[in-house]
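The letter at position 198 of the sequence shown is residue 198 when you use the numbering used here, and the numbering goes up by one with no holes.
Data block below; observations after.
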Amino acid sequence: MKKSILALSVVGLLLVSCSDSNDDITNLETSAEDIVALQQVAEIDQIDNVLGDIIIDVYEQQENEAVGRSANASFIPDCVTITVEVQQNFRAVTIDFGTTGCLVQGHILRGQILMDYTRDPEVQQVTINYSLVDFFVDAKSVMGSRSILRELANANGNPQFTHNLDLTVIWPNGVEASREGTRIREWVEGFGSGTFSDNVFEITGDWTATFVNGNTHNYEVMLPLRREIGCMHFVSGTVDVTRTNFGGVFDFGEGTCDAVATFTFDNGTEIEVQL
Numbered sequence: 001m002k003k004s005i006l007a008l009s010v011v012g013l014l015l016v017s018c019s020d021s022n023d024d025i026t027n028l029e030t031s032a033e034d035i036v037a038l039q040q041v042a043e044i045d046q047i048d049n050v051l052g053d054i055i056i057d058v059y060e061q062q063e064n065e066a067v068g069r070s071a072n073a074s075f076i077p078d079c080v081t082i083t084v085e086v087q088q089n090f091r092a093v094t095i096d097f098g099t100t101g102c103l104v105q106g107h108i109l110r111g112q113i114l115m116d117y118t119r120d121p122e123v124q125q126v127t128i129n130y131s132l133v134d135f136f137v138d139a140k141s142v143m144g145s146r147s148i149l150r151e152l153a154n155a156n157g158n159p160q161f162t163h164n165l166d167l168t169v170i171w172p173n174g175v176e177a178s179r180e181g182t183r184i185r186e187w188v189e190g191f192g193s194g195t196f197s198d199n200v201f202e203i204t205g206d207w208t209a210t211f212v213n214g215n216t217h218n219y220e221v222m223l224p225l226r227r228e229i230g231c232m233h234f235v236s237g238t239v240d241v242t243r244t245n246f247g248g249v250f251d252f253g254e255g256t257c258d259a260v261a262t263f264t265f266d267n268g269t270e271i272e273v274q275l
């Protein structure tokens, strides 16, 4: 009987040990998946940034030409073809990056952006519509049609762009995510300087990223995200994140241009995320 009890005790300990080990493995796998998902959402941020930069730059160029002002020094390279059709006050613009790829702000872009708006010098707001045609960013397929409300001056006296987000991104490995929500870009530095490269935007808003596996990320900007055109990533700002399995705060730092951010889970665990 003593031998039987001892044997049962050993088996019990082994089962507990195996259970704890399996839990650890599961937690590690979940953590790895969470980090990958955060990196993928950060890639969508970069796509949003590049699209917004291009639309704003092209719009400002066209408006400067329409009123006879000197055109800004654009960051868009010569490999991009811009075609404009004018019908009274209506503007239809095709931004063509070709089929072989064009390097723009550190990303290889392919395909077209179709953009249109109706200009009226008397109004304080203009709606810019655009859609993506066979569009790729660094081998990721990007689909969507969106609108941007351009305000001449917000409450701070700065130009402001409110982006209506509707975007789907498909990675080469088949991972797919869509994003919906609102992004507000306030132009805080560089407006009217004659060059686009010194511009700085502060971004606020909230949006949702939904993956095909059912996981959903809800994002709300807590401290404005600072977008400096000379940097591929946000240099500062924080975002509150709520996901199906976890929550926490994304922190992009205190002003340094780098490819590193931190994510602090609700339980206090902090990890480094390569953007």
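Note that the Cβ used here is the ideal one computed from N, Cα and C, for glycine as well.
C-alpha gap between residue i and residue j, whole angstroms
i: D198; j: Q160; result: 17 Å
i: D134; j: G268; result: 42 Å
i: A153; j: S147; result: 18 Å
i: L275; j: H233; result: 8 Å
i: I271; j: T256; result: 18 Å
i: D266; j: G230; result: 32 Å
i: M222; j: A155; result: 19 Å
i: E33; j: Q39; result: 10 Å
i: I55; j: I113; result: 9 Å
i: E65; j: A139; result: 34 Å
i: M115; j: V188; result: 24 Å
i: F250; j: N218; result: 12 Å
i: N158; j: F211; result: 35 Å
i: G111; j: F97; result: 5 Å
i: L103; j: D53; result: 14 Å
Cβ shell of residue i (< 6 Å), same chain only, five flanking positions each side left out
i: T276; result: The shown model of the chain, from 1 to 275, leaves out residue 276, and the question about it has no answer.
i: R179; result: I44, L165, L167, W207, A209
i: S141; result: I170
i: G237; result: L223, P224, L225, R226, F252
i: A42; result: L275
For residue j and residue i, believed in contact at Cβ under 8 Å, the rounded distance
i: F75; j: D48; result: At roughly 17 Å, the Cβ-Cβ gap does not stay under 8 Å, so F75 and D48 are not in contact.
i: P224; j: T204; result: 5 Å
i: R91; j: Y117; result: 6 Å
i: H107; j: V80; result: H107 to V80, Cβ: 12 Å. No contact.
Enclosing beta strand (DSSP E) for residue i [first to last residue]
i: L149; result: 140-151
i: M232; result: Neither: M232 is in no beta strand (DSSP E) and is coded neither H nor E.
i: A209; result: 200-211
i: S178; result: 176-189
i: A261; result: 260-265
i: L223; result: 216-228
i: A167; result: A quick correction: the sequence has Leu, not Ala, at residue 167. First-last of the beta strand (DSSP E) with L167: 160-170.
i: G247; result: 247-254
Own chain, CB closer than 8 Å to residue i, minus 5 neighbours either side, in chain order
i: D120; result: N89, V126
i: N215; result: A37, R243, T244, N245
i: V175; result: Q40, F211, V212
i: V260; result: G253, E272, V273, Q274, L275
Check: residue i C-beta below 8 Å from any heavy atom of the ligand FAD
i: P224; result: Ligands in the displayed structure: none, and consequently the ligand FAD is not present.
Spatial neighbours of residue i in its chain, beta-carbon cut-off 7 Å, leaving aside the 5 residues before and after
i: T99; result: R110
Contained beta strand (DSSP E) runs [length at least 3] in the stretch 66-128, N- to C-terminal order
81-87, 90-96, 102-104, 107-118
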